[in-house]
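Protein chains: 2
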Amino acid sequence: MIQVAILGYGTIGSGVYEVLNINKQVIEKRIGDEIRVKYVLDLREFPGSPIEDILVHDVNTILEDPEVSVVVEVMGGVEPAHTFVKNALLAGKSVATSNKALVAKYGAELSEIAKQKNQSFLFEASVGGGIPIIRSINTALTGDVVEEISGILNGTTNYMMTEMTNHGSEFEVVLKDAQKKGYAEADPTADIEGHDACRKIAILTSLLTGQQVDFEDIYTEGITKITAGDIKFAKAMGRKIKLLATSKKQGDSYCAMVSPVLLGSSHPLYHVDGVFNAVFVVGNMLGDAMFYGSGAGSLPTASAVVADVVDICKNLGKNIPYEWSAEKLSLADISSSQKSFFVRVEGSREEKSEEIAAAFGNVEYVTCDEAAGECGFITELISEKEFEENAAKLSGIKNRIRMDQ
Amino acid sequence: MIQVAILGYGTIGSGVYEVLNINKQVIEKRIGDEIRVKYVLDLREFPGSPIEDILVHDVNTILEDPEVSVVVEVMGGVEPAHTFVKNALLAGKSVATSNKALVAKYGAELSEIAKQKNQSFLFEASVGGGIPIIRSINTALTGDVVEEISGILNGTTNYMMTEMTNHGSEFEVVLKDAQKKGYAEADPTADIEGHDACRKIAILTSLLTGQQVDFEDIYTEGITKITAGDIKFAKAMGRKIKLLATSKKQGDSYCAMVSPVLLGSSHPLYHVDGVFNAVFVVGNMLGDAMFYGSGAGSLPTASAVVADVVDICKNLGKNIPYEWSAEKLSLADISSSQKSFFVRVEGSREEKSEEIAAAFGNVEYVTCDEAAGECGFITELISEKEFEENAAKLSGIKNRIRMDQ
Numbered sequence: 001m002i003q004v005a006i007l008g009y010g011t012i013g014s015g016v017y018e019v020l021n022i023n024k025q026v027i028e029k030r031i032g033d034e035i036r037v038k039y040v041l042d043l044r045e046f047p048g049s050p051i052e053d054i055l056v057h058d059v060n061t062i063l064e065d066p067e068v069s070v071v072v073e074v075m076g077g078v079e080p081a082h083t084f085v086k087n088a089l090l091a092g093k094s095v096a097t098s099n100k101a102l103v104a105k106y107g108a109e110l111s112e113i114a115k116q117k118n119q120s121f122l123f124e125a126s127v128g129g130g131i132p133i134i135r136s137i138n139t140a141l142t143g144d145v146v147e148e149i150s151g152i153l154n155g156t157t158n159y160m161m162t163e164m165t166n167h168g169s170e171f172e173v174v175l176k177d178a179q180k181k182g183y184a185e186a187d188p189t190a191d192i193e194g195h196d197a198c199r200k201i202a203i204l205t206s207l208l209t210g211q212q213v214d215f216e217d218i219y220t221e222g223i224t225k226i227t228a229g230d231i232k233f234a235k236a237m238g239r240k241i242k243l244l245a246t247s248k249k250q251g252d253s254y255c256a257m258v259s260p261v262l263l264g265s266s267h268p269l270y271h272v273d274g275v276f277n278a279v280f281v282v283g284n285m286l287g288d289a290m291f292y293g294s295g296a297g298s299l300p301t302a303s304a305v306v307a308d309v310v311d312i313c314k315n316l317g318k319n320i321p322y323e324w325s326a327e328k329l330s331l332a333d334i335s336s337s338q339k340s341f342f343v344r345v346e347g348s349r350e351e352k353s354e355e356i357a358a359a360f361g362n363v364e365y366v367t368c369d370e371a372a373g374e375c376g377f378i379t380e381l382i383s384e385k386e387f388e389e390n391a392a393k394l395s396g397i398k399n400r401i402r403m404d405q
Numbered sequence: 001m002i003q004v005a006i007l008g009y010g011t012i013g014s015g016v017y018e019v020l021n022i023n024k025q026v027i028e029k030r031i032g033d034e035i036r037v038k039y040v041l042d043l044r045e046f047p048g049s050p051i052e053d054i055l056v057h058d059v060n061t062i063l064e065d066p067e068v069s070v071v072v073e074v075m076g077g078v079e080p081a082h083t084f085v086k087n088a089l090l091a092g093k094s095v096a097t098s099n100k101a102l103v104a105k106y107g108a109e110l111s112e113i114a115k116q117k118n119q120s121f122l123f124e125a126s127v128g129g130g131i132p133i134i135r136s137i138n139t140a141l142t143g144d145v146v147e148e149i150s151g152i153l154n155g156t157t158n159y160m161m162t163e164m165t166n167h168g169s170e171f172e173v174v175l176k177d178a179q180k181k182g183y184a185e186a187d188p189t190a191d192i193e194g195h196d197a198c199r200k201i202a203i204l205t206s207l208l209t210g211q212q213v214d215f216e217d218i219y220t221e222g223i224t225k226i227t228a229g230d231i232k233f234a235k236a237m238g239r240k241i242k243l244l245a246t247s248k249k250q251g252d253s254y255c256a257m258v259s260p261v262l263l264g265s266s267h268p269l270y271h272v273d274g275v276f277n278a279v280f281v282v283g284n285m286l287g288d289a290m291f292y293g294s295g296a297g298s299l300p301t302a303s304a305v306v307a308d309v310v311d312i313c314k315n316l317g318k319n320i321p322y323e324w325s326a327e328k329l330s331l332a333d334i335s336s337s338q339k340s341f342f343v344r345v346e347g348s349r350e351e352k353s354e355e356i357a358a359a360f361g362n363v364e365y366v367t368c369d370e371a372a373g374e375c376g377f378i379t380e381l382i383s384e385k386e387f388e389e390n391a392a393k394l395s396g397i398k399n400r401i402r403m404d405q
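Chains as they are written, first to last, in this note's numbering: chain E, 1 to 405; chain F, 1 to 405.
Put into structure tokens, the structure is as follows:
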């Protein structure tokens with residue numbers, strides 16, 4: 001019998017317990033052994049709940065129990081999760097976690113310890129919830145050089161952008177609605193400022209390159225400056241605004257960033273709405289591929305954690321390998337990355353066209369009948385640096401949003 | 001150094017050779033060893049080609065060479081592929097194949113031999129080309145009971161349905177165009193009659209259940225009866241007709257079928273156009289997920305074959321496990337499966353409504369201005385059996401197409 005401990009009995013932890021119970025029979029068939037949750041660690045009490053009898057408050061009960069071979073860390077946050085996971089691995093236990101903050105910061109260290117101890121450190125649920133993107137990078141995209149990976153990796157902001165698109169509402173209105181519905185937290189900063197998506201693209205880029213990508217190095221712009229006015233122009237262009245986390249190959253490195261992007265209807269991510277997540281991948285041999293699913297939620301995320309647990313159980317005492325060295329990857333400088341920008345300027349096209357031409361040369365104007373007293377245009381392909389230089393020559397810029405196909 | 005032999009130097013075989021060459025550096029880094037193609041087997045000669053010096057005509061040269069540890073079978077067809085693959089496994093070599101006909105018929109036997117010999121038998125490319133759906137079933141959906149798997153698994157027919165939708169053309173016209181462009185073969189039977197998709201859903205259903213699903217048991221209906229008239233009605237409903245291969249859980253078994261289906265725009269497969277493939281999965285914990293990518297083509301398919309080769313190289317001398325016993329699965333009887341049907345009947349609504357009500361009870365009429373002298377309606381949710389019984393009471397049925405969300 002394989003015995004498991006779950007650290008944290010919040011949304012995901014209770015989901016993991018539920019998945020292991022509801023699907024016990026098929027999971028045990030796949031593992032070829034019985035599986036039992038021996039402990040749940042939480043500071044709180046849960047009187048009357050099904051885990052009442054297996055609840056512990058001291059992590060050492062788990063770390064010192066040689067019968068526990070798999071630890072599920074679903075507490076979130078960097079500490080004490082980091083200490084607990086590290087000690088579990090050092091104690092000869094394998095770990096599955098959904099904790100993106102932990103993985104983004106300590107992924108290289110923890111996977112190295114797991115390797116040394118012939119244990120596994122897996123974290124499928126840390127990016128894209130139930131979407132098996134990490135397993136795909138590690139085992140399915142291995143014949144390819146990945147030229148681009150772009151994802152809608154945050155369900156909260158995708159829900160908000162979808163609502164703004166469908167109802168023309170302003171950012172603040174939609175944020176309040178998302179908070180009321182439980183899709184956004186009381187302090188929504190990590191989601192709406194793009195910090196959550198940033199950690200996730202850092203993890204994906206680390207796995208693509210096998211080196212450490214520090215999330216602090218990734219240019220990150222959230223959705224807080226997107227207005228109903230931007231959405232009107234997006235619609236006039238037949239496009240949608242999505243918060244994308246992208247990493248594109250540039251020479252020997254990757255150019256990573258998080259920002260709102262105007263996507264056309266032929267882009268596979270265009271149709272990904274609501275709280276769903278999706279990851280678009282371009283391989284140099286594979287071409288375009290996309291993975292779509294629930295990016296959050298108790299059971300979808302728990303499903304990914306349990307898939308890691310099953311993998312660990314099928315490989316007990318063996319390290320499930322992937323490359324993630326502590327050697328730091330120097331990300332490519334975004335200032336030279338090329339794209340088109342959509343720009344909104346105060347003043348009519350007649351009033352501004354001379355100034356715009358002087359700043360940006362050839363541009364394509366966007367007709368939007370609903371937008372009075374302003375004009376919008378799309379630049380040619382230029383670098384981020386050129387854009388900044390040209391934009392400095394133009395007065396009255398209300399917003400600018402990057403474009404993709 | 002790991003030495004590989006490729007059986008068959010056709011579209012996929014030459015692609016595998018190309019992927020291994022172009023991406024040699026990253027592949028060797030991932031494997032942690034050098035990799036070399038020692039032989040290519042083909043009956044033909046390829047004078048002046050890069051494989052001229054490693055071409056052999058006798059499979060025994062490969063089978064008897066102890067230096068060859070990985071065999072790539074990309075010849076297609078059941079024989080002699082089956083004999084060659086079986087003998088390669090018996091000789092202690094691992095095999096990666098893209099051959100759906102081989103896998104559908106002999107998957108259980110070959111995976112059992114591989115297990116006994118501590119070798120691996122992998123076939124990611126046999127379903128969905130470059131889409132890692134098989135690896136996902138075996139390693140990512142392992143915490144779930146899969147309630148439904150539905151796929152656009154044949155690029156030729158999806159291209160044809162897309163062309164019929166975009167241009168309103170008739171079936172025969174689009175087929176000729178697809179043949180001219182190389183998307184359909186001179187004898188297109190296997191594609192347009194659904195036989196290709198049928199073998200693929202048989203493979204997926206086998207892996208979901210761990211038992212043998214005989215493709216001959218799966219109800220299969222191709223796209224040959226779809227007309228421009230059907231497309232007009234589909235458009236009037238805001239739907240698209242897609243050839244779907246589906247397997248839905250029913251009790252302890254699955255109900256599998258291949259047929260054209262009318263999909264609404266909220267279905268994730270609705271947007272999958274052209275030669276692309278996609279697989280939609282519903283897990284009881286995961287919820288909805290979708291995998292999208294190139295379902296065919298030399299390099300995307302070769303990319304999936306090479307991912308299998310990399311997996312094999314990382315696990316040399318070990319069996320990469322999945323369940324596929326020879327025990328036959330009794331598929332659920334489709335006659336009790338419930339769905340709505342769209343029906344086209346000769347005669348106006350005024351002329352036919354009484355007869356339709358007598359046969360089907362409550363129906364929803366579809367208004368289609370372009371269709372003169374006929375009418376179309378959607379039934380309530382009924383079983384296949386009820387549909388047949390009711391349809392027998394109604395004269396002048398021109399076509400009937402199943403519906404999904």
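Yeah, the Cβ is synthetic: ideal placement off N, Cα and C, and Gly gets one too.
How about T379/E and V366/E: do their beta carbons lie closer than 7 Å? no
How many Å lie between M285/E and Y254/E at the Cα? 18 Å
Can you tell me which of the three DSSP states D144/E falls into? coil
Give me the DSSP bridge partner(s) of A256/F. S247/F
Delimiting residues of the beta strand (DSSP E) encompassing V74/F: V74/F -> no beta strand (DSSP E), and no H or E assigned at all.
Short-range partners of chain F found in the segment 130-144 of chain E, where Cβ spacing is below 8 Å: G130, I131, P132, R135, S136, T139, A140, L141, T142, G143, D144
Against chain E, with Cβ distances strictly below 7 Å, would G376/F count as a contact? no
Starting from the beta carbon of S294/F, find every residue of chain E whose beta carbon is closer than 9 Å, and list them in chain order. L286, G287, D288, A289
Does chain E have any CB closer than 7 Å to the CB of N277/F? no
In this structure, how does DSSP classify T367/E when only helix, strand and coil are distinguished? coil
Contact criterion: CB-CB distance below 7 Å. Does A307/E meet it with respect to chain F? yes
Hey, would you say P268/E sits closer than 7 Å to L243/E, going by beta carbons? no
Hey, out of V26/F, Q211/F, S340/F, E374/F, whose CA is closest to N390/F's CA? S340/F
Please tell me whether N23/F has its Cβ less than 7 Å away from any Cβ of chain E. yes
For R36/E, count neighbouring C-beta atoms within 10 Å of its own C-beta (all shown protein chains included) and say buried if the count is 16 or more, exposed if not. exposed
CB Q250/F to CB E327/F, shorter than 7 Å? no
How close, in whole Å, do the beta carbons of R135/F and T142/E come, if the pair is a contact with beta carbons under 8 Å? Contact flag wrong, Cβ pair sits at about 10 Å.
For my contact list, T301/E and G129/E are in at a C-beta cut-off of 8 Å; report their separation, rounded to the angstrom. 5 Å
Closest to A236/F by CA distance: which of E370/F, G347/F, Y159/F, G295/F is it? E370/F
What are the start and end residues of the beta strand (DSSP E) that includes N399/F? 397-403
The beta strand (DSSP E) with G283/F in it runs from where to where? 276-283
Rounded distance between the beta-carbons of G194/F and A278/F, thought under 8 Å: At roughly 17 Å, the Cβ-Cβ gap does not stay under 8 Å, so A278/F and G194/F are not in contact.
Against chain E, does V127/F count as a neighbour if the rule is that its beta carbon must be under 7 Å from one of theirs? no
Buried or exposed by the 16-neighbour rule on C-beta atoms within 10 Å, applied to F215/F: buried
Examine the Cβ distances between the segment 335-349 of chain E and the segment 48-57 of chain E and report whether three or more of them are shorter than 8 Å. no
Chain F residues whose Cβ lies nearer than 7 Å to that of K314/E: P321
Given a limit of 7 Å on CB to CB distance, which residues of the segment 27-46 of chain F reach chain E? I27, R30
With DSSP as the reference, label F215/F as helix, strand or coil. helix
State yes or no: is the C-beta of I218/F within less than 7 Å of the C-beta of A202/F? yes
Burial state of H167/E, where buried means 16 or more other Cβ atoms lie within 10 Å: exposed
Pull out every residue of the segment 77-104 of chain E whose Cβ sits closer than 7 Å to any Cβ of chain B, in chain order. The structure shown has no chain B; the protein chains it does contain are E and F.
Span of the beta strand (DSSP E) around G107/F: Unbroken run through G107/F is the alpha helix (DSSP H), 100-116; no beta strand (DSSP E).
Nearest-angstrom Cα separation, counted from K352/F out to Q179/E: 52 Å
My parser needs the beta strand (DSSP E) runs of 3 or more residues fully inside the segment 31-73 of chain E; what are they? 35-41, 68-73
Please report the straight-line C-alpha distance between G48/E and Y17/E, rounded to a whole angstrom. 15 Å
What are the boundary residues of the alpha helix (DSSP H) that G15/F is part of? 11-22
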